[in-house]
Amino acid sequence: MERFHEKFTLLKKKLQTESDLGVPFEYFMSNFAENMEFMRGSVITQHKSLTNIIHTIAKEQFHQQLKTESCLLQKMANGPNLIHGACQIPERLVVLFFIEEVKMGMVAMIHFSDRSMVHYYRFTVIQTPNGQLTWVPGDPTVLH
Numbered sequence: 018m019e020r021f022h023e024k025f026t027l028l029k030k031k032l033q034t035e036s037d038l039g040v041p042f043e044y045f046m047s048n049f050a051e052n053m054e055f056m057r058g059s060v061i062t063q064h065k066s067l068t069n070i071i072h073t074i075a076k077e078q079f080h081q082q083l084k085t086e087s088c089l090l091q092k093m094a095n096g097p098n099l100i101h102g103a104c105q106i107p108e109r110l111v112v113l114f115f116i117e118e119v120k121m122g123m124v125a126m127i128h129f130s131d132r133s134m135v136h137y138y139r140f141t142v143i144q145t146p147n148g149q150l151t152w153v154p155g156d157p158t159v160l161h
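As numbered in the working numbering, residues 18 to 161 make up the sequence shown, in order.
This is the structure we're talking about:
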């Protein structure tokens, strides 16, 4: 992929430093999610920790237990460990990306009835003393 590593390095920087959470997410969408070469180079993967993070964010933010109806996670077959995907929870579409190298990721939740409102969440994954992976939330941002 042309200039992929350069774009990936910039994505990592934006994810780690931007205060406006829409900036790294829009950069991911424009340079990765909408790039057919990138999407074709990705393979389906399982990542229980990321699925759990989606459940936790949904429960904490919407104060109800939400059941993930479908979730498709993908990972680049050749290249840095960038996991990306989309899930559907009741009344919402969830789009996410996670960079394993820095143990950080982002989630965007879009409500089906009002697609102009997007809830962004940046998170860091840490390993607990018992070996389980958990997440440390950043400050959520809501854009209208």
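For glycine and all other residues, C-beta sits at the position ideal for the given N, C-alpha and C.
Note that the structure is a prediction, hence the values are computed from the model and not measured.
{"Query": "Taking contact to mean 3 or more Cβ pairs, one atom from each stretch, closer than 8 Å, check whether the stretch 61-79 and the stretch 33-43 are in contact.", "Result": "no"}
{"Query": "If you reduce the DSSP assignment to three classes, tell me which class residue 73 lands in.", "Result": "helix"}
{"Query": "Between residue 74 and the rest of its own chain, which residues show a CB-CB distance below 7 Å, the 5 nearest in sequence each way excluded?", "Result": "124 and 138"}
{"Query": "Measure how close the beta-carbons of residue 116 and residue 29 come, nearest whole angstrom, since I'm counting them as under 8 Å.", "Result": "6 Å"}
{"Query": "If we call anything under 9 Å between Cβ atoms a contact, is residue 114 one with residue 127?", "Result": "no"}
{"Query": "In terms of residue numbering, what span does the beta strand (DSSP E) encompassing residue 63 cover?", "Result": "Element bounds for residue 63: n/a, residue is neither H nor E."}
{"Query": "Of all the options 72, 57 and 42, which has the alpha carbon lying nearest to the alpha carbon of residue 91?", "Result": "57"}
{"Query": "Report buried or exposed for residue 38, applying the criterion of at least 16 other Cβ atoms within 10 angstroms of its Cβ.", "Result": "buried"}
{"Query": "Since residue 49 contacts residue 55 with CB under 8 Å, what's their CB separation in whole angstroms?", "Result": "5 Å"}
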